[in-house]
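Residue numbers (our numbering): 185 to 520.
From the three backbone atoms N, C-alpha and C, an ideal C-beta is built for every residue, glycine too.
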């Protein structure tokens, strides 16, 4: 394992390919498993995230530990003194997960002095512990963790094989040309965490009566990030429009459950964004962030899903409020 890590995962281009391909394989596996068993593992993105993180086993272990801690706090603490609505329980789990994930990142950055490329997935990981906690609460620990023991390694193995094949046939030239070093990882994670808190405040807090949606929990944070990288802003806007249009046409004739719909949107978004980035790189010499790029690959699906399910009148005001709030947070972070 150490030899494998040293020979391949020390190469940032190979690591980027593995992360993207494993995540994509995880989306496919999650779709078919949910279709057959009606069981989710950390939401629609959980399997993909854990598979993409499996080259850092300690990260996977910590993610599950955080989810378990959040589950324990809610089941044996909160529910003993208060019986909140299911959405509030979900919000509590998400907030506990975000708080512990931030602590983990700070420990990694300032105490363990981890390399930036080892932390890029933490941007997505901000919400995954809360999603896993929600799965624990709804399905139980056994129904959630036992399938993960083989679904996650299966997705990771498929992604690893595809990364090897990609390197053997194409080398790493595409990754080298497509990606550049990302921005300040701590800023990314703080923006994502702030975005989650603001989204919960709007959707489940005092503004809940307005019925607004924020286009996903981390969307506002990454819209703010995209403003500082205009390449992402154009790709995000165009891809969201395409994914929304495709979803509206397809789902009008083929009605699906919410999870089915969202997973299909994610698969389409991931493919379309990746192809769009490749075209921009090939013909316009445009570059994108390496590991943080994974978030932008699925963000159009997250936003389009809210637009399709809740409509423009409920989604756009919520996104505007969240984006305005996150802009204020970004200003504080920038001045810090």
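May I have the straight-line CA-CA distance separating residue 339 from residue 402, to the nearest angstrom?
For residue 339 and residue 402, the distance between alpha carbons rounds to 24 angstroms.
Looking at the secondary structure, which residues open and close the alpha helix (DSSP H) in which residue 219 lies?
Element bounds for residue 219: 196-221.
Which one of 244, 274, 509 and 485 has the shortest CA to CA distance from residue 420?
Of the candidates 244, 274, 509 and 485, the one whose C-alpha sits nearest the C-alpha of residue 420 is 485.
For the alpha helix (DSSP H) containing residue 469, list its first residue and its last residue.
Unbroken run through residue 469: none, as it is neither H nor E.
Name the residue from 205, 203 and 383 whose alpha carbon lies nearest to the alpha carbon of residue 278.
Of 205, 203 and 383, the residue nearest in Cα terms is 383.
Going straight from the alpha carbon of residue 301 to that of residue 376, what length do you get?
With a pLDDT of 48 at residue 301, under the threshold of 50, the predicted position of this residue should be treated as unreliable, though the coordinate-derived value follows. Roughly 17 angstroms separates the two Cα atoms.
Would you kindly report the start and end of the unbroken alpha helix (DSSP H) that includes residue 398?
Taken as a continuous stretch (DSSP letters only), residue 398 belongs to no alpha helix (DSSP H), as it is neither H nor E.
Any idea what DSSP makes of residue 240, helix, strand or coil?
Three-state result, residue 240: coil.
Rounded C-beta distance between residue 280 and residue 257? I'm assuming under 8 angstroms.
Contact check for residue 280 and residue 257: beta-carbon distance about 6 angstroms, within the 8 angstroms limit, so the pair qualifies.
Closest to residue 331 by CA distance: which of 432, 288, 321 and 214 is it?
Among 432, 288, 321 and 214, the Cα nearest to that of residue 331 belongs to 214.
Counting Cβ pairs, one atom from each stretch, are 3 or more of them under 8 angstroms apart for the segment 339-348 and the segment 199-209?
Judged by Cβ distances under 8 angstroms, the segment 339-348 makes contact with the segment 199-209, as three or more pairs qualify.
Pairs of beta-carbons, one from the segment 228-242 and one from the segment 258-267, closer than 8 angstroms: are there three or more?
No, the segment 228-242 is not in contact with the segment 258-267.
Under DSSP, the alpha helix (DSSP H) around residue 228 begins and ends at which residues?
Here residue 228 belongs to no alpha helix (DSSP H), and DSSP marks it neither H nor E.
Leaving aside the five residues before and after residue 481 along the sequence, list all residues of the same chain whose C-beta is less than 7 angstroms from its C-beta, in chain order.
When the five nearest sequence neighbours on each side are left out, the beta carbons in the same chain lying within less than 7 angstroms of the beta carbon of residue 481 are those of 453, 454, 457 and 458, in order along the chain.
Does the separation of the CB atoms of residue 379 and residue 510 fall below 9 angstroms?
In this structure, the beta-carbon distance from residue 379 to residue 510 falls below 9 angstroms.
Is residue 342 close to chain D, meaning its C-beta is less than 9 angstroms from at least one C-beta of that chain?
Any reference to chain D falls outside this structure, which holds one protein chain only.
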